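As you go down the protein sequences, you meet chains D and A in turn.
The first sequence begins at 1 in the numbering used here and counts up one residue at a time.
The second sequence begins at 1001 in the numbering used here and counts up one residue at a time.
Heads up, the beta-carbon is just placed ideally off N, CA and C, and yes, glycines get one too.
These figures come from a predicted structure and were not determined experimentally.
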Amino acid sequence: MKMFTVAASAAILAWASAAEAQQTLTMWYHGAGNEVESKIINQIIADFNGSQSDWKVELQSFPQAAYNDSVVAGALAGNLPDILDVDGPVMPNWAWAGYMQPLKIDESKIADFLPGTKGIWNGQLYSIGLWDAAVALVTRQSYLDELGLRTPTLEQPWTKDEFMAALDAAKASGKFEYAFDPGMAWTGEWYPYAFSPFLQSFGGDIVDRSTYKTAEGALNGEAALAFGEWWQSLFKNGYAPATQDPADRDGGFAAGKYAFSWNGNWAALNTLKAFPDTVFLPAPDFGNGPKIGAASWQFGISASSKHPEGAAAFIEFALQDKYLAAFSDGIGLIPPTKTAAAMTEHYKPGGAMEVFFGLSAAQALVRPVTPGYVVQAKVFEKALADIASGADVAATLDAAVDEINADIEKNGGYGH
Amino acid sequence: MASKFTVSNRTGWLMAGPAVLLIAGFVILPFFLAFYFSFTNQRLVSPNPTEWVGLANYRQLLGVTTLTLEPVRDEAGAIVMKDGAPEYPSIRTLTRNNPDRPDLAGMREWFSFSLGGDSRTYVLARDVVFMKAIVNTFIFVLVVAPVQAGLALGLALLINQRLKGINVFRAIYFMPVVVSIVVVSLLWRLIYDGQSGLLNNLLGAISFGLIPPVDWLGNPSTALGAIIAMSIWQAVGFHMVIWLSGLQTISPTLYEAAAIEGASKWQVFRYITWPGLRNTAVLILIVITMQAFGLFAQIDVMTNGGPLDSTQTIVFQAVERGYGKQDISGGSAISVILFVIVLSISLIQRWLTREKS
Chain D
1 MKMFTVAASA
11 AILAWASAAE
21 AQQTLTMWYH
31 GAGNEVESKI
41 INQIIADFNG
51 SQSDWKVELQ
61 SFPQAAYNDS
71 VVAGALAGNL
81 PDILDVDGPV
91 MPNWAWAGYM
101 QPLKIDESKI
111 ADFLPGTKGI
121 WNGQLYSIGL
131 WDAAVALVTR
141 QSYLDELGLR
151 TPTLEQPWTK
161 DEFMAALDAA
171 KASGKFEYAF
181 DPGMAWTGEW
191 YPYAFSPFLQ
201 SFGGDIVDRS
211 TYKTAEGALN
221 GEAALAFGEW
231 WQSLFKNGYA
241 PATQDPADRD
251 GGFAAGKYAF
261 SWNGNWAALN
271 TLKAFPDTVF
281 LPAPDFGNGP
291 KIGAASWQFG
301 ISASSKHPEG
311 AAAFIEFALQ
321 DKYLAAFSDG
331 IGLIPPTKTA
341 AAMTEHYKPG
351 GAMEVFFGLS
361 AAQALVRPVT
371 PGYVVQAKVF
381 EKALADIASG
391 ADVAATLDAA
401 VDEINADIEK
411 NGGYGH
Chain A
1001 MASKFTVSNR
1011 TGWLMAGPAV
1021 LLIAGFVILP
1031 FFLAFYFSFT
1041 NQRLVSPNPT
1051 EWVGLANYRQ
1061 LLGVTTLTLE
1071 PVRDEAGAIV
1081 MKDGAPEYPS
1091 IRTLTRNNPD
1101 RPDLAGMREW
1111 FSFSLGGDSR
1121 TYVLARDVVF
1131 MKAIVNTFIF
1141 VLVVAPVQAG
1151 LALGLALLIN
1161 QRLKGINVFR
1171 AIYFMPVVVS
1181 IVVVSLLWRL
1191 IYDGQSGLLN
1201 NLLGAISFGL
1211 IPPVDWLGNP
1221 STALGAIIAM
1231 SIWQAVGFHM
1241 VIWLSGLQTI
1251 SPTLYEAAAI
1261 EGASKWQVFR
1271 YITWPGLRNT
1281 AVLILIVITM
1291 QAFGLFAQID
1301 VMTNGGPLDS
1311 TQTIVFQAVE
1321 RGYGKQDISG
1331 GSAISVILFV
1341 IVLSISLIQR
1351 WLTREKS
């Protein structure tokens, strides 16, 4: 009888381990609805599943607009996948909340990656991006020539005065509806992503990064007030439209309505199609160095994953140059390494968008790395929209500081 | 001993069961949870334990105080003038890092007024945005309820005729109701566009270019009005149908008698139609009021509460805080406040429109 029990257990064990020979890893991705993106990610998964027999990745895609809500709902229900992708600035929030675990991958593999692609929180890597994004001041060489403007370079970007002189020249020429298109139609994350670097270039910030415990002095100090006055003057003095039709944001520059457009690398291909002499200029230096935003979508492992080693193996597998290049060619994103950039159509040396790689490497500054960023981004967005509509600068920034500080306090300092 | 209610209604309970469970799970339970959360510091995403905070959320939302300030005087004692008006000390210096008045910390100017004399009274609120949301919501309700009900009655009277092809008109008036409010809002955002919108083009064309283009949704003084107009247009067909059903319950014999008596059209409406619509009118008024308090989708799609908080509403703030800013407790407190407001108004409406015996 005993003999039989042992045999039976052995058989069950053998059966169980055979069944477990290939573990399924679930993965969530934000790119539903984008055919090219889906094709590339499916290709990576198919290659990975075919390359070994331990793991099998299964993908579930969500539309971007519903993705973050789905993750939060999944986490509350205790139902997160093994692998998930996360927007760079949101990562600390999810890591702090216990949705994600540190990502254990071979560090030498990401040594050459652009800094904006590495999601580091509390000194540990939680997520890694297969691409980065960058913003540039888009204009045409012919505009610069006509207006008699110096072409700024990474080494010598425009100063604030040069930038304002350029806007004045464009406005005085009478050829444009507006001299400058900051992209006010893109409400949401665009505001903190694209406009907080202006504030940082003035010397302010959304929150005091030395402690992450207060925004007092950072968002309402002298530098921030100067930024606010400048920001308001763009709209009050007619350089830029305070409200904008989304269609004008997408096609206004190509239609010749704006002399300068503050826009990302993802829109660069279409602009180049409209005007082959389009140039992508570095951000102006408002006194504290030129700055642009960094960090895009990145991959990480959920805290509840039972197979973090398998999930890490997949992420490591996806970091191959050929996939980085495929994403870049497919949807115009900036590849995170020089070697991958060399393999792409647009970012290789001499490529039409090569300049963005340099911008990302030289000017990029990640958004505040704190779990509270999610709330701070919303507060910042509203403050900028209000100031653009003519609200009192000091009162608006004070109110934003109060709201951010109250939120930090409510959350027990967000673990800083 | 089982009562008749539980035993002989067993089939009834079985049939009602699924609906009762769903309503309990998705309406009644969240309702009580909102009450509970509003007294805690519950977050949407947080590893910290939830704590009981008592009325702190309500104090934060509803805190209001007044401050009377004397104008700034120069050394000679004369009032300092700025842009043609007396200058007052800036509120910022009083509310920020002011050891004399720690109770003012974090408060902002909501509005100010002067009751004659030199001094000026400032109303400070702890949450100015929420105060503006309450005011905007009340303006919306006060305009939409009578105008929408009136227009719907007018349309119902127009289409309550036996004419050829009247169904075409009924269908046309009803059409906006069946289109999703999100789609309607997106379309109207194009219509209201500040540069090349349909409305601006239309106004320009009929005035031969005399009316300059208006940025309807981008201007604080027109944004709420634009949303009110669009909302009235969108739902007027629904209430038209309810009026119509009310009209058709009025007995034709009354109208025939009126015709024989030689009553004028106005007399027919005043003494036959309107009294016959009494119950319908009560229903419509209550329904419109409740729907109007829930104003959200139009704001979310068209303005996000801007410009300068001119279109903030209570429900938009509840969602913005609860989900956008991950502050479930704040969002819940707003929901509870809205519940209390709507409940009181409904009770008042019930009392005002009660059957007087």
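Return the CA-CA distance between residue i and residue j, expressed in angstroms with no decimal places.
i                  : j                  : result
ALA313 of chain D  : GLY300 of chain D  : 11 Å
SER305 of chain D  : PRO81 of chain D   : 7 Å
ASP112 of chain D  : ALA240 of chain D  : 38 Å
LEU1347 of chain A : GLU229 of chain D  : 49 Å
GLY174 of chain D  : PHE1293 of chain A : 47 Å
ALA166 of chain D  : VAL86 of chain D   : 38 Å
ASP245 of chain D  : ASP1103 of chain A : 43 Å
VAL72 of chain D   : VAL1045 of chain A : 7 Å
LEU996 of chain A  : LYS378 of chain D  : Examination of residue 996 of chain A is not possible in this model, given that chain A is present from 1001 through 1357 alone.
HIS307 of chain D  : ILE128 of chain D  : 18 Å
ALA341 of chain D  : ALA326 of chain D  : 10 Å
ALA226 of chain D  : GLY238 of chain D  : 18 Å
MET1 of chain D    : ALA66 of chain D   : The predicted position of MET1 of chain D is uncertain, since its pLDDT is 46 and thus under 50; no value can be drawn from it.
ALA303 of chain D  : SER108 of chain D  : 24 Å
GLY188 of chain D  : GLU1320 of chain A : 12 Å
What are the boundary residues of the beta strand (DSSP E) that includes residue i?
i                  : result
ASP181 of chain D  : 178-181
MET27 of chain D   : 23-29
TYR1122 of chain A : 1120-1125
LYS56 of chain D   : 55-61
GLN298 of chain D  : 297-302
ASN263 of chain D  : 258-264
LEU365 of chain D  : 364-366
Along the alpha helix (DSSP H) that carries residue i, what are the first and last residues, could you check?
i                  : result
ALA165 of chain D  : 160-173
GLU1355 of chain A : Careful: GLU1355 of chain A lies outside any alpha helix (DSSP H) and carries neither H nor E.
ALA377 of chain D  : 373-388
GLN426 of chain D  : Outside the shown range of chain D (1 to 416) lies residue 426 of chain D, about which nothing can therefore be said.
GLU189 of chain D  : Unbroken run through GLU189 of chain D: none, as it is neither H nor E.
ARG1010 of chain A : 1010-1023
ALA395 of chain D  : 393-410
Which residues in the same chain as residue i place their Cβ atom closer than 7 Å to its Cβ, once the five residues preceding and following it in sequence are excluded?
i                  : result
SER38 of chain D   : GLY31 and SER61
THR1353 of chain A : VAL1282
PHE48 of chain D   : VAL57, PHE314 and PHE317
SER389 of chain D  : ALA242
THR278 of chain D  : VAL138, ARG140, THR271 and LEU272
According to DSSP, is residue i part of a helix, a strand, or is it coil?
i                  : result
ALA18 of chain D   : Its pLDDT being 45, under 50, ALA18 of chain D is placed unreliably in this model, and the value from its coordinates should be taken loosely. DSSP places ALA18 of chain D in helix when its eight states are reduced to three.
ASP208 of chain D  : coil
ASN1219 of chain A : coil
ASN34 of chain D   : coil
THR1095 of chain A : helix
GLY119 of chain D  : strand
GLY293 of chain D  : strand
MET1 of chain D    : Any reading at MET1 of chain D needs caution, since the residue's pLDDT is 46, under 50, leaving its predicted position unreliable; the model's value is listed next. Reduced to three states, the DSSP call for MET1 of chain D is coil.
LEU1115 of chain A : coil
LEU1277 of chain A : coil
THR1289 of chain A : helix
THR1311 of chain A : coil
ILE1159 of chain A : helix
ASP285 of chain D  : strand
TRP131 of chain D  : coil
Who are the near neighbours of residue i in its chain, counting only those whose CB is closer than 6 Å to its CB and skipping five residues on each side?
i                  : result
TRP55 of chain D   : GLN23, LEU25 and GLY310
TRP158 of chain D  : PRO152 and PRO284
VAL1236 of chain A : GLN1148, LEU1151 and ALA1152
PRO1213 of chain A : ASN1200
SER1310 of chain A : PRO1220, ALA1223 and LEU1224
Kindly list the residues whose CB is nearer than 8 Å to the CB of residue i, restricted to its own chain and excluding five residues on each side of it in sequence; keep chain order.
i                  : result
ALA18 of chain D   : At ALA18 of chain D, the pLDDT of 45 sits below 50, so the modelled position is not reliable; the number obtained from the coordinates is stated separately. Excluding positions up to five away in sequence, the list is empty.
ALA1145 of chain A : LEU1285, ILE1288, THR1289 and ALA1292
ALA14 of chain D   : Because the pLDDT of ALA14 of chain D is 49, which lies under 50, any placement of that residue in the model is unreliable, and the question is left without a value.
SER51 of chain D   : PHE317
LEU365 of chain D  : PRO197, GLN200, LYS291, ILE292, GLY293 and ALA294
ASN34 of chain D   : ILE331
Should residue i be listed as close to the ligand GTP, given that the test is whether its C-beta is under 7 Å from any heavy atom?
i                  : result
GLY1218 of chain A : The ligand GTP is absent from the structure shown, which contains no ligands of any kind.
Q.
My parser needs the beta strand (DSSP E) runs of 3 or more residues fully inside the region 72-113 of chain D; what are they?
A. Those beta strand (DSSP E) runs which fall completely within the region 72-113 of chain D and span 3+ residues are 83-87.
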